[in-house]
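Using UniProt numbering, the first residue of the sequence shown is number 1, and each one after it goes up by one.
Quick notes on the structure that follows.
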Amino acid sequence: MQKKIVTILIVGTIVSFLLTIIQGTSKVFLHFTNSIFYIGLVLLIVGGFLFVIESGFFNLTRFGMKKVFKRNEDKVLSMTGEESTEVSKEMIYKKYSFSITKPFLFSAFSFIALSLIFSFIILS
């Protein structure tokens with residue numbers, strides 16, 4: 001996990017530096033701080049979304065949608081005389097696990113904290 005965090009931090013810093021160079025203005029440190037914050041924000045949104053999926057928040061919605069669409073399929077199957085299949089209730093309690101969630105969240109909080117520190121340096 002630490003290797004992934006370090007990799008994300010290094011890649012994020014390089015991308016932030018490249019974005020700062022591309023902008024090409026005289027306020028280099030300000031744009032570097034802003035780009036670090038933007039990268040941290042994107043990582044926080046993606047990591048947060050993965051965290052919500054891991055917790056099983058959408059499982060009940062997915063189960064309900066499968067049940068609704070299964071009802072329509074069962075009507076067609078009963079008309080044709082074929083057997084119907086049931087929707088498994090195990091889907092509600094299924095847990096997902098992504099190996100990149102914690103590194104994304106840790107890197108995001110690191111980038112956002114770094115941008116806040118840089119912001120206070122710019123203000124003083």
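Think of the CB as a built atom: it goes at the ideal place given N, C-alpha and C, for glycine as much as any other residue.
Computed from a predicted structure; not experimentally measured.
Per DSSP, what kind of secondary structure is residue i in: helix, strand or coil?
i    : result
G56  : coil
G24  : coil
S16  : helix
Y96  : coil
S115 : helix
M1   : coil
S124 : coil
Just confirm the distance between the C-beta atoms of residue i and residue j, as a whole number of angstroms; I'd bet it's less than 8 angstroms.
i    : j    : result
P103 : K4   : 4 angstroms
S97  : E54  : 6 angstroms
L9   : I112 : Going by Cβ atoms, the distance from L9 to I112 rounds to 12 angstroms, so no, they are not a contact pair.
G56  : I39  : Wrong, their Cβ atoms sit about 29 angstroms apart, outside the cutoff.
Quiz item: For the region 45-57 against the region 103-121, are there 3 or more C-beta pairs whose distance is under 8 angstroms?
Solution: Verdict: yes, contact present.
Quiz item: Three or more beta-carbon pairs under 8 angstroms between the region 6-20 and the region 28-37, yes or no?
Solution: yes
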